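Peer 1: Per the working numbering: the sequence shown = residues 11 to 86.
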Amino acid sequence: MRDLVRYRAMESLCRQSAVFHPLESWRLLAEAEMWHHKALEIASRSVDCSSTPPAGALIRTETLPGNPGGSQLLAG
């Protein structure tokens, strides 16, 4: 679980750095994408191993007939 938090933090840091370093933004955004995929791998393994998503994961709910706002994102 620590790795998931670390990978998400690295992804965020790379994206933020890309804003402040436009000449290196292509490399930083590529690195952010790498961290994103690593985090997805760990998150999918966590979900496969248990029926509950990892803490801090977002869950998309389907549109319900009585819900005019459409789908929602809920923190897990």
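From the three backbone atoms N, C-alpha and C, an ideal C-beta is built for every residue, glycine too.
The structure displayed is predicted, hence computed values, not measured ones.
From the DSSP output, in three-state form, read off Met20 for me.
Peer 2: Met20: helix per DSSP, three-state reduction.
Peer 1: What's the gap between the Cα of His47 and the Cα of Ala53?
Peer 2: Their backbone Cα atoms lie some 10 Å apart in a straight line.
Peer 1: In or out: Ala40 buried (at least 16 other Cβ within 10 Å) or exposed?
Peer 2: Counting Cβ neighbours within 10 Å, Ala40 comes out exposed, since fewer than 16 surround it.
Peer 1: DSSP state of His31, grouped into three classes?
Peer 2: Of the three classes helix, strand and coil, the one that applies to His31 here is coil, per DSSP.
Peer 1: Tell me whether Met44 sits in a helix, a strand or coil according to DSSP, three-state version.
Peer 2: If DSSP states are grouped into helix, strand and coil, Met44 belongs with the helices.
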